[in-house]
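Chemist: Handing you a structure now.
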Amino acid sequence: MPPLKPQDIAVALQLLLTPDATYAALSVATGLSQGEVHNAVRRLRGARLVLAHAQRVHGAAVLEFLGSGIAYAFPAEAGAESRGVPTAHSAGELAAEFGVSDPLVWPSIEGAVRGASVVPLYAAAPATAVRNPALYELLALVDAVRVGRARERTRAKQLLRERIMLTPSESAAV
1 MPPLKPQDIA VALQLLLTPD ATYAALSVAT GLSQGEVHNA VRRLRGARLV LAHAQRVHGA
61 AVLEFLGSGI AYAFPAEAGA ESRGVPTAHS AGELAAEFGV SDPLVWPSIE GAVRGASVVP
121 LYAAAPATAV RNPALYELLA LVDAVRVGRA RERTRAKQLL RERIMLTPSE SAAV
């Protein structure tokens, strides 16, 4: 089985939001091609993050991977200053909680914030801020785990746990 690719995480997160979504719907939601989505689901099944018999994510396994493995599998660092879309502690609930003194951004011409750049998990991630706010929120939390300081990582993991365990796919499995 081929190893996971960074965009596979976006597909897994979208499946958490929309269990049993078609490849076409996942393609629109993530900004990936249908072929990329199909291959991502295949890799996620191989990694046991998506159930073998359904288009549903194994929430506990995804949560464990995001909390303990994402920073090692797909590490990130703050880079040069750039204009872009806020991520990690600079976005959503973490920004409200911690403030935005040192913003982190995904470089994007359409972004309105200047800050240290972070390479997103996949190229279409910055567009999710407008196109798919729910996925954007989850991706930003994942970035906080990938690049944040200890308190930001801890809070991001708590928020991910709340969101993942409250999804319809987890509720249906219980």
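As numbered in our numbering, residues 1 to 174 make up the sequence shown, in order. For every residue, glycine included, the Cβ atom is placed at its ideal position computed from N, Cα and C. Nothing here was measured: the structure is a model prediction, and the numbers come from that model.
1) Could you compute how far the alpha carbon of R45 sits from the alpha carbon of V105?
2) Just to confirm, is the Cβ distance from A96 to V147 under 8 Å?
3) If L160 and L141 are in contact, beta carbons under 8 Å, what's the gap, nearest whole angstrom?
4) Nearest-angstrom Cα distance between P6 and A40?
5) Applying the criterion that 16 or more other CB atoms from any shown protein chain within 10 Å of the CB defines a buried residue, is Y72 buried or exposed?
6) Roughly how many angstroms separate the alpha carbons of T30 and Q55, rounded to a whole number?
7) To the nearest angstrom, how far is the alpha carbon of V28 from that of V11?
8) Grouping DSSP H, G and I as helix and E and B as strand, with all else coil, what is L121?
9) Helix, strand or coil for A73? Go by DSSP, reduced to three states.
10) Suppose you measure from the CA of T8 to the CA of V85; what does that come to, to the nearest Å?
11) With burial defined as no fewer than 16 other Cβ atoms inside 10 Å of the residue's Cβ, what is the status of G115: buried or exposed?
12) Compare the beta carbon distance of A156 and V145 with 8 Å and say whether it is the shorter of the two.
13) Only counting the same chain, and skipping five residues up and downstream in sequence, which positions put a Cβ closer than 6 Å to that of M1?
14) Whole-angstrom Cβ separation of H58 and L66, contact assumed at under 8 Å?
15) My assumption, with CB atoms under 8 Å, is that A76 sits in contact with V119. Please give the rounded CB distance.
16) Opposite L32 in the DSSP bridges: which residues?
Modeler: Put simply:
1) 31 Å
2) no
3) 5 Å
4) 9 Å
5) exposed
6) 16 Å
7) 11 Å
8) coil
9) helix
10) Going by the sequence as given, residue 8 is Asp instead of Thr. So the alpha carbons of these two residues sit roughly 21 Å apart.
11) buried
12) yes
13) G46
14) Their Cβ separation, rounded to whole angstroms, is 12 Å, which puts H58 and L66 out of contact at 8 Å.
15) 6 Å
16) The partner list for L32 (beta bridge, DSSP) is empty, contrary to what the question assumes.
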